[in-house]
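What follows is one structure encoded as structure tokens, with my remarks underneath.
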Amino acid sequence: MKIATWNVNSLNVRLPHVTDWLVREAPDVLAVQETKMEDHKFPAEVFASLGYQSIFSGQKTYNGVAVIAKERPVDAVMDIPGFDDPQRRVMAVTLGDVRVVNLYIPNGSEVDSDKYRYKLAWLDALIAWLGSERQKYPQTIILGDFNIAPEDIDVYDPLQWQGKILCSDPERDAFRRLIDLGFHDAFRQFEQPEKSFSWWDYRMNGFPRNLGLRIDHILFSDALRPQLTGCAIDREPRKLERPSDHTPVVAVWERS
DNA sequence: ATGGCTTCATAGTGAAGA
């Protein structure tokens with residue numbers, strides 16, 4: 187199974203990039219974030235014409251998540267149960283015998299801001315939920331835009347970013363607590379190029395200078411460890427005209 | 001240089017992203 191995550195930063199603008207990428211890479215599953223699109227506008231028929239089924243939870247202007255898969259996604263959950271949140275950031279589905287949890291974790295804006303407190307509360311609720319989901323779904327993949335750079339090696343300039351949003355200790359602690367539920371960072375299971383990032387700021391020529399952060403992740407549960415054969419960041423879509431500021435992260439399992 | 005760039009909602013500019 188080939189599975190990918192991609193924050194597309196508006197599916198309306200990025201649809202040609204996404205369809206081109208689906209045709210070229212032929213993943214079994216693509217989890218997207220920041221569709222910024224209400225459900226009645228979701229281009230499900232475009233993906234259907236490429237052999238993909240879609241399930242989506244969107245809203246106008248901000249947020250919005252979707253799972254695009256060859257197999258029919260079932261048993262969808264579109265909220266963190268018990269966590270009242272109008273923002274569309276969660277899409278958990280079952281594909282075969284694997285539970286896939288697609289996340290658009292809040293950005294947080296600035297440390298100590300209201301949005302930062304919302305991010306930390308959101309993460310607490312997420313961790314509590316996924317902790318209880320573990321027994322139910324031994325084979326789980328959690329992927330998406332985490333808006334957390336877990337380690338200094340995931341940041342182009344760790345000193346400049348020290349303690350800042352995406353890198354603060356409470357955010358990294360939340361990432362660690364998620365891992366400690368029994369998950370692993372697929373990207374770090376393999377030798378990787380130095381300065382591997384998944385997001386680059388549109389400003390300051392961030393991408394050509396590789397001023398990036400690794401904030402998009404694919405985590406997997408213990409039961410899926412033996413079959414994982416690779417994980418990589420695909421920088422190609424970031425080189426296109428009018429790219430998303432994020433680029434896809436891809437993981438491959440030998441079997442479902 | 002609390003800027004830069006991009007998207008969206010809007011019809012001027014401003015919010016938000018990361």
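For reference, each letter of the first sequence is one residue, going 187 to 442 in my numbering. Using N, Cα and C, we set each Cβ at its ideal position, and we do this for glycine too. Treat the numbers as computed from the prediction; the structure is a model and nothing was measured.
Check your understanding: Leaving out five residues before and five after Ile266 in sequence, what residues of the same chain have Cβ atoms less than 7 Å from its Cβ?
Key -> In the first sequence, counting from the first residue as 1, residue 266 sits at position 80. Once the five neighbours on either side are set aside, the close Cβ partners of Ile266 are Val276, Ala311, Leu312 and Trp315.
Exercise for review: Spell out a yes or no on whether the region 258-265 and the region 230-242 are touching, meaning 3 or more CB-CB pairs, one atom from each, closer than 8 Å.
Suggested key: yes
Exercise for review: Report, in whole angstroms, the separation of the C-beta atoms of Gln325 and Asp283, which I expect to be a contact under 8 Å.
Suggested key: As a working mapping, residue 325 is identified with position 139 in the first sequence. As a working mapping, residue 283 is identified with position 97 in the first sequence. Indeed they touch by this definition, with Cβ atoms about 6 Å apart.
Check your understanding: By a C-beta neighbour count over all protein chains shown, 10 Å radius and 16 as the cutoff for buried, is Asp214 buried or exposed?
Key -> As a first step, residue 214 must be located in the first sequence, where it is residue number 28. That one is buried.
Exercise for review: Quick one: measure Cβ to Cβ for Asn333 and Ile404, integer angstroms, because I've assumed they're closer than 8 Å.
Suggested key: Along the first sequence, one-based indexing puts residue 333 at 147. Along the first sequence, one-based indexing puts residue 404 at 218. About 15 Å; that fails the 8 Å criterion.
Point to revise | Whether Gly349 touches Asn288 by CB criterion (7 Å) | key: By one-based count along the first sequence, residue 349 stands at place 163. By one-based count along the first sequence, residue 288 stands at place 102. No, these two residues do not count as a Cβ contact at 7 Å.
Practice item. Tell me whether Val297 sits in a helix, a strand or coil according to DSSP, three-state version. Key: Counted from its first residue, the first sequence places residue 297 at position 111. Here Val297 sits in coil by DSSP.
Exercise for review: Count the other CB atoms, across all protein chains shown, that sit within 10 Å of the CB of Pro344; report buried if there are 16 or more and exposed otherwise.
Suggested key: Along the first sequence, one-based indexing puts residue 344 at 158. Pro344 should be labelled exposed.
Exercise for review: Measure the beta-carbon distance from Leu399 to Ala360 and round it to whole angstroms, keeping in mind my assumption that it falls under 8 Å.
Suggested key: In the first sequence, counting from the first residue as 1, residue 399 sits at position 213. In the first sequence, counting from the first residue as 1, residue 360 sits at position 174. In fact, because the Cβ distance is near 16 Å, the residues do not count as touching under 8 Å.
Check your understanding: Where does the unbroken alpha helix (DSSP H) through Val284 begin, and where does it stop?
Key -> On the first sequence, position 98 is the one that residue 284 refers to. Element bounds for Val284: not the alpha helix (DSSP H) but the beta strand (DSSP E), Val284 to Tyr290.
Exercise for review: Have a look at Phe376 and Val438 and give me their C-alpha separation to the nearest angstrom.
Suggested key: Here residue 376 refers to the residue found at position 190 of the first sequence. Here residue 438 refers to the residue found at position 252 of the first sequence. Taking the straight line from one Cα to the other gives about 12 Å.
Point to revise | Among Ala307, Pro202 and Val286, nearest to Gly268 - alpha-carbon criterion | key: Within the first sequence, numbered from 1, the residue matching residue 268 stands at position 82. With distances taken between Cα atoms, Gly268 lies closest to Ala307.
**Study point:** Nearest residue (CA-CA) to Leu281, options Ile189, Cys417 and Val435
**Key:** As a working mapping, residue 281 is identified with position 95 in the first sequence. Closest by alpha carbon: Ile189.
Review point. Opposite Leu329 in the DSSP bridges: which residues?
Key: Position 143 of the first sequence, counted from the start, is the residue given in the question as residue 329. Looking at the DSSP assignment, Leu329 forms a beta bridge with Asn288 and Ile404.
Practice item. Could you check the C-alpha separation between Lys305 and Glu231 for me, to the nearest Å? Key: As a first step, residue 305 is located in the first sequence; it is residue number 119 there, counting from the start. As a first step, residue 231 is located in the first sequence; it is residue number 45 there, counting from the start. Their Cα atoms are separated by approximately 34 Å.
Review point. Can you tell me the Cα-Cα spacing of Asp270 and Met264, whole angstroms?
Key: Here the question's residue 270 lines up with position 84 in the first sequence. Here the question's residue 264 lines up with position 78 in the first sequence. When rounded, the distance between both Cα atoms is 12 Å.
Practice item. Might you give, ordered along the chain, the residues of its own chain that have their beta carbon closer than 7 Å to the beta carbon of Pro356, omitting 5 neighbours on each side? Key: Position 170 of the first sequence, counted from the first residue, corresponds to residue 356. Cβ within range, chain order: Leu306.
Review point. How is the alpha helix (DSSP H) around Thr280 delimited, first residue to last?
Key: Position 94 of the first sequence, counting from 1, holds the residue named residue 280. Per DSSP, Thr280 belongs to no alpha helix (DSSP H); it is in the beta strand (DSSP E), Val276 to Leu281.
Point to revise | Where Lys188 sits in the DSSP three-state scheme | key: To locate residue 188, count along the first sequence from 1; it is residue 2. Strand, per DSSP.
Exercise for review: Using 10 angstroms around the beta-carbon of Val199, count the other beta-carbons present and answer buried if the total reaches 16, otherwise exposed.
Suggested key: Sequence index remark: in the first sequence, residue 199 carries index 13 (1-based). Counting Cβ neighbours within 10 Å, Val199 comes out exposed, since fewer than 16 surround it.
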